[in-house]
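Trainee: Okay, so the sequence shown: first residue is 389 according to my numbering, each after it adds one.
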Amino acid sequence: MTSTPLSDVIDAVVPLAPDQPVWALRRQRDKVVAATQGSYDAMFSPAVEVLTVKERLLVALHACRVSKAGSLAAHYRERLMAEGADEAVVAAVDAGHGVADARLQAMLAFTTKLIERPIEGDRAAVQALAASGLSTPAIVAMSQLIAFLSYQVRVAAGLKALAAAAEVQA
Numbered sequence: 389m390t391s392t393p394l395s396d397v398i399d400a401v402v403p404l405a406p407d408q409p410v411w412a413l414r415r416q417r418d419k420v421v422a423a424t425q426g427s428y429d430a431m432f433s434p435a436v437e438v439l440t441v442k443e444r445l446l447v448a449l450h451a452c453r454v455s456k457a458g459s460l461a462a463h464y465r466e467r468l469m470a471e472g473a474d475e476a477v478v479a480a481v482d483a484g485h486g487v488a489d490a491r492l493q494a495m496l497a498f499t500t501k502l503i504e505r506p507i508e509g510d511r512a513a514v515q516a517l518a519a520s521g522l523s524t525p526a527i528v529a530m531s532q533l534i535a536f537l538s539y540q541v542r543v544a545a546g547l548k549a550l551a552a553a554a555e556v557q558a
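1) When the Cα atoms are used, what is the spatial distance from A435 to K442?
2) Between the alpha carbons of D474 and V410, how many angstroms are there, rounded?
3) Which residue marks the beginning of the alpha helix (DSSP H) containing K456, and which one marks its end?
4) Straight-line CA distance for P403 to F432?
5) What residues in its chain sit with their C-beta under 7 Å from that of Q493, if we drop five residues either side in the sequence?
6) Using the Cα positions of L537 and D407, report the straight-line distance between them to the nearest angstrom.
7) Do I398 and A544 have their CB atoms nearer than 8 Å?
8) Specify, as a first and last residue, the run of the alpha helix (DSSP H) that T499 falls within.
9) Determine the direct distance from the alpha carbon of L468 to that of A535, and round the result to whole angstroms.
10) Where does the unbroken alpha helix (DSSP H) through E475 begin, and where does it stop?
11) May I ask you to report which of helix, strand or coil DSSP gives A535?
12) Taking 8 Å as the limit between beta carbons, can you name the residues of its chain near V490, skipping five residues before and five after?
13) Below 8 Å between beta carbons: does that hold for L446 and A526?
14) Exposed or buried, T524, counting other C-beta atoms within 10 Å across all chains shown (16 or more means buried)?
15) Would you kindly check if the distance between the Cβ of H463 and the Cβ of L380 is under 8 Å?
16) Looking only at its own chain, which residues have a Cβ that is under 8 Å from the Cβ of A551, when we skip the five neighbours before and after it?
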């Protein structure tokens, strides 16, 4: 068994603690726990230069809001505040309102499409991103981020359901 941290983002947002059966169940696949946290770390690394960390966090907040993943949205909201993001922009994204920045607005619209109507994430949607100033590497990075966020939302939701079922059985 590989060594994973005692707590990670998923544990924090579900929440899970070492004394819970679902925490132990999750740790039966330490590689998955480590890979999930490793993907999170990579997605929000400052080393990804084609999109700013704040842009990626705003996309994450929006994706979580659209997906109705409140605890994950709260996590990303806190990260945005820690990064010194503009509070008015964060509030607008959090409320589902438009933003003045055309590039960010295009990113948020693309995120909504991929989450709510993935079939519309077609050539025209990608061209709209390019028209807003995103480079091909930025579009690829953003698409990877949205895919990761969809995975993260589902993992958290599944673990919350398991934890709730375990509480009912206890």
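All residues carry an ideal CB built from backbone N, CA and C; glycine is no exception.
Mentor: According to the structure shown:
1) 13 Å
2) 37 Å
3) Neither: K456 is in no alpha helix (DSSP H) and is coded neither H nor E.
4) 21 Å
5) G486, V487
6) 27 Å
7) yes
8) 490-504
9) 20 Å
10) 475-483
11) helix
12) According to the sequence displayed, residue 490 carries Ala and not Val. The residues are S520, G521.
13) no
14) exposed
15) This structure cannot speak to residue 380, because the chain is shown only from 389 to 558.
16) V402, L404, Q408, V410
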